[in-house]
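Data block below; observations after.
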Amino acid sequence: MRSEKFGSGQPDVSVIGQGSWYIDRGDRKRAVAALRRGIDLGMTHIDTAEMYGDAELVIAEAIAGRRDELFLVSKVLPSNASRRGTIAACERSLARLKTDRLDCYLLHWRGSYPLSEKERAIEHAVIPWCEQLGVAVVAYSPFGHDNFPSARSKAGQVLGTIAEAHGASPRQIALAFLTRKPAVFAIPKASSEEHAADNAAAGKLSLSDSEVAALDKAFPRGSKPRGLPML
Ligand SMILES: NC(=O)c1ccc[n+]([C@@H]2O[C@H](COP(=O)([O-])OP(=O)(O)OC[C@H]3O[C@@H](n4cnc5c(N)ncnc54)[C@H](OP(=O)(O)O)[C@@H]3O)[C@@H](O)[C@H]2O)c1
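Per the working numbering, residue 398 is the first one in the sequence shown, and the count goes up by one each step.
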């Protein structure tokens, strides 16, 4: 698994990590096994949040005895994000995760999000800005949550052709595409060991310039939204 600096002066973190939204909804043992398998395969960046129901409890079980191997991230809800509220929310997350520290603590979201999420608009200015200032970018829902392009769609066919050339799955190609820049990390959520292993193996893939260009064309960024600075 490839690792990159999680921002300047920060530790090296696996470029493909593990999400946990809804991981508490299915079979608990299966989810714990999937997370453990992912950690064994080098996906040591684990993303959770106080909002994700019992996900922090599932993670606590999966990471028991392995805390030092991990880059553990949780998030405070905007409604709890006063100074005192943030500290209290963090303490609750630490207790649920059965740990004494987080490696990164995030505000889950802002009240209004100015960039369209479907347009890859972040690539016009936010990623270049983060690259310039040494800030890590984490791609959540790297498979579109439950909306991965179908194999029959035009864009899905491009993914499929590239996947075939690499002996990989289309999702692995999507992860390799997202993490092609050292500043960008991805956190797919998997609730089976099979999916966790599939995602971890994407950490070894690298795409050629022409494959990146073909994916760029198949999933257009759209035009630069007005008001974004040039970098
Ligand atoms: N604002 C935020 O900070 C924010 C927002 C959204 C998400 N997130 C984080 O990002 C993580 C990932 O996003 P997400 O959970 O929305 O969705 P996702 O990772 O884009 O997709 C998850 C879906 O993909 C399936 N899957 C995973 N690996 C697969 C594979 N190798 N082959 C086939 N299917 C596979 C999962 O199925 P199985 O479960 O059956 O394996 C699940 O249905 C979240 O869990 C959360 O930690 C953060």
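Ideal Cβ placement from N, Cα and C applies to all residues, glycine included. Remember, it's a predicted structure, so these values are computed and weren't measured experimentally.
query                                                                                                                                                             : result
So for F545, helix, strand or coil by DSSP?                                                                                                                       : coil
What is the residue span of the alpha helix (DSSP H) that K426 lies within?                                                                                       : R425 to D437
With distances taken from CA atoms, which of D409, I456 and A599 is nearest A446?                                                                                 : I456
Sorted by chain position, which residues of the same chain lie with C-beta nearer than 7 angstroms to S589's C-beta, five sequence neighbours on each side aside? : R427 and A431
The alpha helix (DSSP H) with K614 in it runs from where to where?                                                                                                : D606 to A615
Just to check my reading of the structure: S417 and K586 have Cβ atoms closer than 8 angstroms, yes? What is that Cβ distance to the nearest angstrom?            : 6 angstroms
When the Cβ atoms of the stretch 515-530 are set against those of the stretch 549-560, are three or more pairs found closer than 8 angstroms?                     : no
May I ask which residues mark the beginning and end of the beta strand (DSSP E) holding I443?                                                                     : H442 to D444
Give me the Cα-Cα distance between R618 and G462, rounded to the nearest whole angstrom.                                                                          : 42 angstroms
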